[in-house]
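Undergrad: Sending over a structure as structure tokens; questions will come in a sec.
2 protein chains.
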Amino acid sequence: MGKLIIAGIGPGGEDHMTAACRDALEGADIIAGYTGYTALVKHLYPQKSYLETPMTGETERCREALKLAEGDRRVCLISSGDSGIYGMASLVFELAADYPAASIEVIPGVTAASSGGALLGAPLGHDFAVISLSDLLTPWEIIEKRLRMAAEGDFVICLYNPGSAGRPDHLRTACDILLETLPPGRVCGLARNIGRSGESSITTMLEDLGKTEVDMFTTVFIGSSRTRVVSGKMLTPRGYRNA
Amino acid sequence: MGKLIIAGIGPGGEDHMTAACRDALEGADIIAGYTGYTALVKHLYPQKSYLETPMTGETERCREALKLAEGDRRVCLISSGDSGIYGMASLVFELAADYPAASIEVIPGVTAASSGGALLGAPLGHDFAVISLSDLLTPWEIIEKRLRMAAEGDFVICLYNPGSAGRPDHLRTACDILLETLPPGRVCGLARNIGRSGESSITTMLEDLGKTEVDMFTTVFIGSSRTRVVSGKMLTPRGYRNA
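Protein chains in written order, with UniProt numbering: chain A, 1 to 243; chain B, 1 to 243.
Printed below as a string of structure tokens:
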């Protein structure tokens, strides 16, 4: 019987894949995904069949995977990070009604908030908000409103998709909005190429964050009022009282 | 040379541990953690030394682990889920200045937002806020403000520590606050005992969520305006436009 497993492979390297993800890849007849992600697992399973589509072919890729799973094929559809957080899982479930015979399972993975946080120290030790700066599918006004509410609520803010060639100014615009509420000296951090070649992290301040170069492999952290840098590590204490 | 590795073991079962976490456990001289977490790995490494403390002995446990790592011991300090998200990592970095010779590494894991989300479907397909309802270390007014801001910002809301024997009414109080802004029919979901015996998930509506029994092994999801239930799965589309 066929099955569609949607698996998050974590930040990139096999170190941060879960055993369940490895099992799903190993047991699959076909590994499906955006070419940028299949490239990360191909050396592990060079003999497998691959169903690869460019970034913009997502709906088509999910439909094809569902169709194969309705038959007798075991398909593993991969996302980087966690498959549920800005990943393929929600799109698959949106389309699943058209493929009633397909059995679907989601395998969670290590998302960039966690893996980037680990590189920087422990920025997410307390309540946080995750916001994507990509306005490809979301009106910018909604993103702006969320930035304001997250700042107002004193959340640590974790930004996914902070910029790309087509959107070079999004992070600067976001910082200008946050600076209406937050102080210029607010602690921030960036994690780049997590789990891949060129992995690095730096801490900075909100007034300088907007001038920092970012791409789609960067995850940005803006601290809460409690966040600080201690011995080079960005940390947010777990509470407001000492335990 | 000694080292302190702070590792997130994921939701519970070894299926959702990463390879890096397994390596850290295997290479450790001593596995340290709250007894409820060491119980989850002891069957895998019955020969190891364990440094176990009750839930309230966290500072003491971190200091002991740092002290051992300053010598020649390799200590793996475990948290469930991700070690950076309400885990031990921030507390260790807060204390680390007192143990300058200790080398520290954080290994990220699969947090309950991801693993609980995978059980329910894909509730975190778009921007979300993570809030702990525990007021042991945080004044309740701050939690309340964050609930209001997250609702105002139309975030999906993921609640950690929604209740315990000592705090049976926190979830009901939180729901009353959210109902000032959000409609009673707002889609919600609960994931229980993720990755452990008794694992289950249900979807419900905000007006009924407050009456639902929860404990410290429950993770709660409150949908955004876009979240819906399709064929029993809770999903939030990745954006506001079709791709």
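Quick reminder that beta carbons are idealized off the backbone N, C-alpha and C, glycines included.
All figures in this text were calculated on a predicted structure; none of them were measured in a lab.
1. Determine whether the Cβ of S103 of chain A lies closer than 8 Å to any Cβ atom of chain B.
2. Applying the 10 Å Cβ sphere with the 16-neighbour rule, what's the burial state of residue 244 of chain B?
3. Per DSSP, which one or two residues make a beta bridge with Y45 of chain B?
4. Assuming L119 of chain A contacts I9 of chain A under a Cβ cut-off of 8 Å, what Cβ separation, rounded to an integer in Å, is found between them?
5. Does the segment 171-184 of chain A come within contact of the segment 167-175 of chain B, defined as at least 3 CB pairs closer than 8 Å?
6. Pull out every residue of the segment 183-205 of chain B whose Cβ sits closer than 7 Å to any Cβ of chain A, in chain order.
7. Establish whether the CB of A243 of chain B and some CB of chain A are separated by less than 8 Å.
8. If you draw a straight line from the alpha carbon of V156 of chain A to that of G223 of chain A, how long is it in whole angstroms?
9. Would you mind giving the Cβ-Cβ distance between R238 of chain A and L91 of chain B, rounded to the nearest angstrom? I have them listed as a contact below 8 Å.
10. Got a sec, what are the start and stop residues for the alpha helix (DSSP H) V214 of chain B sits in?
11. Determine, for M17 of chain A, whether the minimum Cβ-Cβ distance to residues of chain B falls below 8 Å.
12. Quick check: is the beta carbon of M1 of chain B nearer than 8 Å to any beta carbon in chain A?
13. Does any residue of chain B bring its CB to less than 8 Å from the CB of G163 of chain A?
14. In the DSSP output, what is S201 of chain B paired with across the bridge?
15. Consult DSSP for A243 of chain B and reduce its assignment to one of helix, strand or coil.
16. Here's the rule I'm using: 16 or more other beta-carbon atoms within 10 Å means buried, otherwise exposed. How should S49 of chain B be labelled?
17. Going by the beta-carbon positions, is the gap between R63 of chain B and K3 of chain B smaller than 8 Å?
18. Using only CA atoms, which one of A:P46, A:K211, A:S83, A:S201 lies nearest to P184 of chain A?
19. Taking the alpha-carbon positions, what's the D154 of chain A to R146 of chain A distance?
20. What does T236 of chain B touch in chain D if you count any residue whose Cβ is under 7 Å from its own?
21. Could you check what DSSP says for E58 of chain A in three-state terms: helix, strand or coil?
22. In the DSSP assignment, what are the bridge partners of K3 of chain B?
23. Can you list, in chain order, the residues of its chain with a C-beta nearer than 7 Å to that of S125 of chain A? Leave out the 5 residues immediately preceding and following it.
24. Are the C-beta of G12 of chain A and some C-beta of chain B separated by less than 8 Å?
25. Within 10 Å of its beta-carbon, does D82 of chain B have 16 or more other beta-carbons around it, so buried, or fewer, so exposed?
26. Let me confirm a value: E56 of chain B is counted as buried when at least 16 other C-beta atoms fall within 10 Å, else exposed. Which label applies?
27. Is there a Cβ of chain A sitting closer than 8 Å to that of I31 of chain B, yes or no?
28. What's the gap between the Cα of I5 of chain A and the Cα of V106 of chain A?
29. Beta carbon of V130 of chain B, beta carbon of A113 of chain B: below 8 Å?
30. Is the distance from the Cβ of P231 of chain A to the Cβ of A101 of chain B below 8 Å?
31. Where do the ends of the beta strand (DSSP E) carrying V110 of chain B lie?
32. Buried or exposed for H16 of chain B, please, with buried defined as at least 16 other CB atoms from any protein chain shown within 10 angstroms of its CB.
33. Could you check whether the Cβ of L136 of chain B sits closer than 8 Å to any Cβ belonging to chain A?
34. Can you tell me the Cα-Cα spacing of D29 of chain B and P108 of chain B, whole angstroms?
35. If you drop the 5 nearest sequence neighbours on each side, which residues of the same chain put their C-beta closer than 6 Å to that of G117 of chain B?
36. Flag T111 of chain A as yes if its beta-carbon sits less than 8 Å from any beta-carbon of chain B, otherwise no.
TA: So, to answer that:
1. So, not an interface residue.
2. Given a span of 1 to 243 for chain B in the structure shown, any question on residue 244 of chain B remains unanswerable.
3. According to DSSP, which records beta bridges pairwise, Y45 of chain B is partnered with nothing at all.
4. That pair is no contact at about 17 Å.
5. The segment 171-184 of chain A makes no contact with the segment 167-175 of chain B, as fewer than three CB pairs between them are under 8 Å.
6. Within the segment 183-205 of chain B, no residue qualifies.
7. Summary for A243 of chain B: the model assigns pLDDT 45, below 50, so the residue's position carries little reliability, and this model does not support an answer.
8. In this structure, the straight-line span from the alpha carbon of V156 of chain A to that of G223 of chain A is close to 5 Å.
9. Between L91 of chain B and R238 of chain A the Cβ distance is about 6 Å, and since that is below 8 Å, they are a contact.
10. Per DSSP, V214 of chain B is not a residue of any alpha helix (DSSP H), being assigned neither H nor E.
11. Chain B, which has a Cβ nearer than 8 Å to the Cβ of M17 of chain A, makes this yes.
12. Contact of M1 of chain B with chain A is not assigned, every C-beta pair being separated by 8 Å or more.
13. Contact of G163 of chain A with chain B is not assigned, every C-beta pair being separated by 8 Å or more.
14. Answer by DSSP bridge pairing, in chain order: B:A191.
15. Any answer about A243 of chain B is weak, because its pLDDT of 45 lies below 50 and its placement is not dependable; what the coordinates show is given next. Secondary structure at A243 of chain B: coil, using DSSP grouped into helix, strand and coil.
16. By the 10 Å Cβ count, S49 of chain B comes out exposed.
17. No, these two residues do not count as a Cβ contact at 8 Å.
18. Comparing Cα-Cα distances from P184 of chain A to each of A:P46, A:K211, A:S83, A:S201, the minimum goes to A:K211.
19. So the two alpha carbons sit approximately 12 Å from each other.
20. Included in the structure are the protein chains A and B, with no chain D among them.
21. In the structure shown, E58 of chain A adopts helical secondary structure according to DSSP, grouped into three states.
22. B:R74.
23. Going by the sequence as given, residue 125 of chain A is Gly instead of Ser. Result list for G125 of chain A: L235, T236, P237, R238, in chain order.
24. Taking Cβ atoms only, chain B never reaches closer than 8 Å to G12 of chain A, which makes this a no.
25. Counting other Cβ atoms within 10 Å of its Cβ, D82 of chain B reaches 16 or more and is therefore classed as buried.
26. Reading the sequence as shown, one finds Thr at residue 56 of chain B and not Glu. With fewer than 16 other Cβ atoms within 10 Å, it is exposed.
27. Against chain A, the CB of I31 of chain B has no partner CB under 8 Å away; the residue lies outside that interface.
28. I5 of chain A and V106 of chain A have their alpha carbons spaced roughly 6 Å apart.
29. Yes, Cβ-Cβ distance for V130 of chain B and A113 of chain B is below 8 Å.
30. Sequence inspection shows Ser at residue 231 of chain A; the Pro mentioned does not correspond to that position. Not in contact: S231 of chain A and A101 of chain B (Cβ atoms no closer than 8 Å).
31. V110 of chain B -> no beta strand (DSSP E), and no H or E assigned at all.
32. Buried, since its Cβ has 16 or more Cβ neighbours within 10 Å.
33. Judged by the 8 Å Cβ criterion, L136 of chain B is in contact with chain A.
34. Within the model, the alpha-carbon separation for D29 of chain B versus P108 of chain B is close to 20 Å.
35. Here the set comprises P123, L124.
36. Using beta-carbon distances, T111 of chain A counts as an interface residue toward chain B, with a partner under 8 Å.
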